[in-house]
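Reviewing the structure listed below.
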Amino acid sequence: MSIYDFLPEKLVNEILDGVGDVPVLRRAVSRQVIGKYAAAAPPRPAPFSLAVDGYTTWQTLTDKRYSSRHLPICSDAYLASLPPEEKVVDLMMRRDDSEELARDTSLLFPFFAQWFTDSFLRTHPTDFRQNQSNHGIDLCQIYGLNEASTTLLRSHEHGRLKSQQTGTGEFGAQLFERDRSGAATLRAEFSGLYSAENFNRVFRDKMNDAQRLACFATGLEHGNSTLGNSLMNTVFLREHNRIAGELTRAHAGWDDERVFQTARLVNIAQLLKIVIEDYIKHIADYDLPLLAEAGIWEEETWYRTNWMAIEFNILYRWHGLIPNRFRVANQDYDSSRMLNANDLLLELGPEVIARDAASQKAGRIGLGHTPEFLRHVKAATVRLSRQAKLRPYNEYRVHFGLKPKLSFHDLTSNGPLAAELERLYKSIDNVDYVVGLLAEEYDAKSMMGDLQLTMVAHDAFTHALTNPLLASRVFNEDTFSPTGLHIISTTSTLADVISRNTGLDADDVSFRILTPS
Numbered sequence: 452m453s454i455y456d457f458l459p460e461k462l463v464n465e466i467l468d469g470v471g472d473v474p475v476l477r478r479a480v481s482r483q484v485i486g487k488y489a490a491a492a493p494p495r496p497a498p499f500s501l502a503v504d505g506y507t508t509w510q511t512l513t514d515k516r517y518s519s520r521h522l523p524i525c526s527d528a529y530l531a532s533l534p535p536e537e538k539v540v541d542l543m544m545r546r547d548d549s550e551e552l553a554r555d556t557s558l559l560f561p562f563f564a565q566w567f568t569d570s571f572l573r574t575h576p577t578d579f580r581q582n583q584s585n586h587g588i589d590l591c592q593i594y595g596l597n598e599a600s601t602t603l604l605r606s607h608e609h610g611r612l613k614s615q616q617t618g619t620g621e622f623g624a625q626l627f628e629r630d631r632s633g634a635a636t637l638r639a640e641f642s643g644l645y646s647a648e649n650f651n652r653v654f655r656d657k658m659n660d661a662q663r664l665a666c667f668a669t670g671l672e673h674g675n676s677t678l679g680n681s682l683m684n685t686v687f688l689r690e691h692n693r694i695a696g697e698l699t700r701a702h703a704g705w706d707d708e709r710v711f712q713t714a715r716l717v718n719i720a721q722l723l724k725i726v727i728e729d730y731i732k733h734i735a736d737y738d739l740p741l742l743a744e745a746g747i748w749e750e751e752t753w754y755r756t757n758w759m760a761i762e763f764n765i766l767y768r769w770h771g772l773i774p775n776r777f778r779v780a781n782q783d784y785d786s787s788r789m790l791n792a793n794d795l796l797l798e799l800g801p802e803v804i805a806r807d808a809a810s811q812k813a814g815r816i817g818l819g820h821t822p823e824f825l826r827h828v829k830a831a832t833v834r835l836s837r838q839a840k841l842r843p844y845n846e847y848r849v850h851f852g853l854k855p856k857l858s859f860h861d862l863t864s865n866g867p868l869a870a871e872l873e874r875l876y877k878s879i880d881n882v883d884y885v886v887g888l889l890a891e892e893y894d895a896k897s898m899m900g901d902l903q904l905t906m907v908a909h910d911a912f913t914h915a916l917t918n919p920l921l922a923s924r925v926f927n928e929d930t931f932s933p934t935g936l937h938i939i940s941t942t943s944t945l946a947d948v949i950s951r952n953t954g955l956d957a958d959d960v961s962f963r964i965l966t967p968s
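So that you can map any letter, position 408 of the sequence shown is 859 in our numbering, and since no number is skipped, the others follow by simple counting.
Written as structure tokens, this is what we have:
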């Protein structure tokens with residue numbers, strides 16, 4: 452509880468806007484907020500990981516193939532007491548095609564959120580314990596997970612990434628082509644871009660030939676799987692090539708390698724700023740004037756090497772943000788049409804997709820808000836939670852410095868829901884972590900409950916601000932060049948990047964709904 456909770460929301464945001472206009476005040480408020488949430492839980496390394504159940508080993512402390520975990524495994528007795536998985540999944544689904552939309556969050560937000568988190572929360576397809584990411588913010592979505600992949604994605608001319616020009620502008624290079632029989636086949640230049648297992652799982656099992664032929668070469672195998680992923684990949688690929696052009700003009704003596712590597716660093720650095728100054732700002736209850744400052748956090752106890760936790764993976768399943776239907780170019784679609792939708796992006800262009808996503812409301816985070824076409828994804832989430840043997844929801848509240856909920860009615864004022872939760876769990880202290888996260892009530896100014904907000908802010912701050920690009924010895928003109936540093940300094944929002952690479956004005960696109968209905 453703070454003084455802001457006793458003031459009208461509009462007045463609070465006006466006050467914070469004023470604070471944001473005064474650099475010394477903005478820094479002070481930003482540092483206070485970041486410090487609070489970054490220190491909300493004990494710092495890394497955690498003593499446990501999914502490599503070994505129940506106790507600490509050298510592997511649990513060092514082997515990053517496996518997800519970390521905030522708390523140790525639950526007891527077998529607790530796991531056995533939980534309601535059947537299908538009953539829990541039923542709690543999460545929308546009923547009778549009904550839906551409740553967000554108050555002021557646009558569809559652009561879940562587009563970005565999925566694209567952003569899919570880069571570091573990459574559950575191994577056959578071993579749930581493993582995370583196939585680099586555990587950091589590295590724009591692997593367009594650069595790949597390793598240098599071998601990056602090499603395949605580069606044009607090796609003027610520091611650019613491979614791309615194609617179409618009637619609606621620049622996109623990633625075409626991944627497939629027709630063979631002599633007319634079937635879609637992987638272009639030889641991209642052989643080895645993805646592991647055989649991931650390639651077959653995504654492209655052979657889930658796409659037809661028409662969808663394959665519309666795919667772009669991206670850093671991750673699922674980069675073409677949703678409309679939002681393809682939109683963001685297109686925008687940031689264009690931005691890389693735009694930055695490369697600016698660097699080439701500013702540094703005529705630089706070769707392809709120097710231009711590419713510097714453009715890559717600039718692009719990643721501005722993504723870090725967007726995460727702190729735009730994305731987390733939108734998630735917060737108020738328009739906090741957050742600032743992604745470099746080089747000031749290195750003495751903090753939480754300034755440690757990144758390692759993604761399984762609880763963070765489970766938390767980020769915000770499927771309720773997807774509405775039942777979406778509208779683009781004056782046509783309504785069922786939201787299942789967002790899957791493998793590169794044909795829409797190629798036909799209409801990123802300008803139309805981004806503009807229309809920013810002008811319609813997202814869904815709402817919570818129980819009973821997941822669209823039916825994502826039932827199988829929610830089932831996988833619940834199953835992963837059980838496989839990982841996560842402890843009860845209330846224990847995570849305590850771990851992150853919050854008071855435990857005392858009753859089901861303390862968790863939610865929805866009487867029927869509270870009664871159903873009590874029937875399934877008997878005691879508030881038995882509630883599943885994944886269920887409690889979605890059941891916790893939040894007020895009109897918020898977009899999620901207080902445990903989710905605390906955990907998202909904690910993990911975002913302690914993983915973004917520890918990025919090596921923000922280190923005091925790295926964040927300078929020698930690393931980025933004067934041109935690159937200027938680009939970073941003039942970027943605070945996703946809208947900044949979109950506007951530079953489309954025909955849209957920055958005022959046309961936002962995580963906050965621009966034309967509320």
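From the three backbone atoms N, C-alpha and C, an ideal C-beta is built for every residue, glycine too.
Which residue comes first and which comes last in the alpha helix (DSSP H) that contains residue i?
| i | result |
| --- | --- |
| R573 | First-last for R573: undefined, no H or E at that position. |
| G887 | 884-890 |
| Y844 | 844-850 |
| R778 | R778 -> not in any alpha helix (DSSP H); beta strand (DSSP E) instead, spanning 776-779. |
| E608 | Unbroken run through E608: none, as it is neither H nor E. |
| E648 | 647-650 |
| H827 | 826-838 |
| I485 | 474-489 |
| L512 | 509-513 |
| D527 | 527-532 |
| I734 | 731-734 |
If distances are taken between C-alpha atoms only, which option among the options comes closest to residue i?
| i | options | result |
| --- | --- | --- |
| L572 | F563, Q583, F562, D578 | Q583 |
| L688 | G633, L739, P740, G610 | G610 |
| N775 | H820, N791, E750, E798 | H820 |
| W753 | C591, P474, K487, V480 | K487 |
| V849 | E823, L936, T905, R834 | T905 |
| F859 | S519, F926, L875, A946 | L875 |
| K414 | C525, F499, G505, I524 | What is shown of the chain runs 452 to 968, which leaves residue 414 out entirely. |
| R663 | A922, T636, A743 | T636 |
| Q581 | K657, W758, A869 | W758 |
| N585 | F579, T568, D578, T577 | T568 |
| H733 | R495, L558, E551 | L558 |
| T944 | S681, A720, P474, R924 | A720 |
| S810 | L530, G704, A780 | A780 |
| D547 | E823, K854, K829, D958 | E823 |
Mapping DSSP to helix, strand and coil, what is residue i?
| i | result |
| --- | --- |
| M452 | Confidence in M452 is poor, its pLDDT being 42 and thus under 50, which makes the residue's placement too unreliable to answer from. |
| L955 | coil |
| Q615 | strand |
| Q903 | helix |
| L596 | coil |
| D859 | One point to set straight first is that residue 859 is Phe, not Asp, in the sequence displayed. Here F859 sits in helix by DSSP. |
| Y784 | strand |
| S519 | strand |
| Q583 | coil |
| M898 | coil |
| F926 | coil |
| K877 | coil |
| A854 | It is worth fixing the name first, because residue 854 is Lys in this sequence and not Ala. Correct three-state label for K854: coil. |
| K657 | helix |
| K724 | helix |
| Y893 | coil |
| I938 | helix |
| H702 | coil |
| W566 | helix |
Within the continuous beta strand (DSSP E) that includes residue i, where are the two ends?
| i | result |
| --- | --- |
| A635 | 635-637 |
| E628 | 627-629 |
| E621 | 620-623 |
Could you tell me which residues DSSP puts in a beta bridge with residue i?
| i | result |
| --- | --- |
| F763 | The partner list for F763 (beta bridge, DSSP) is empty, contrary to what the question assumes. |
| V503 | S500 |
| T556 | R963 |
| Y754 | Partner(s): none; Y754 has no beta bridge. |
| L790 | T677 |
| T821 | M544 |
| F667 | Q625 |
| K812 | S557 |
Pop quiz: residue i and residue j are said to be a contact at Cβ under 8 Å. What is the actual Cβ separation, rounded to whole angstroms?
| i | j | result |
| --- | --- | --- |
| E648 | R638 | Not quite, the Cβ-Cβ distance comes to about 20 Å (not below 8 Å), so this is no contact. |
| G679 | F562 | 3 Å |
| V653 | S676 | 7 Å |
| Q592 | G674 | 6 Å |
| G587 | H914 | 7 Å |
| R806 | L955 | 6 Å |
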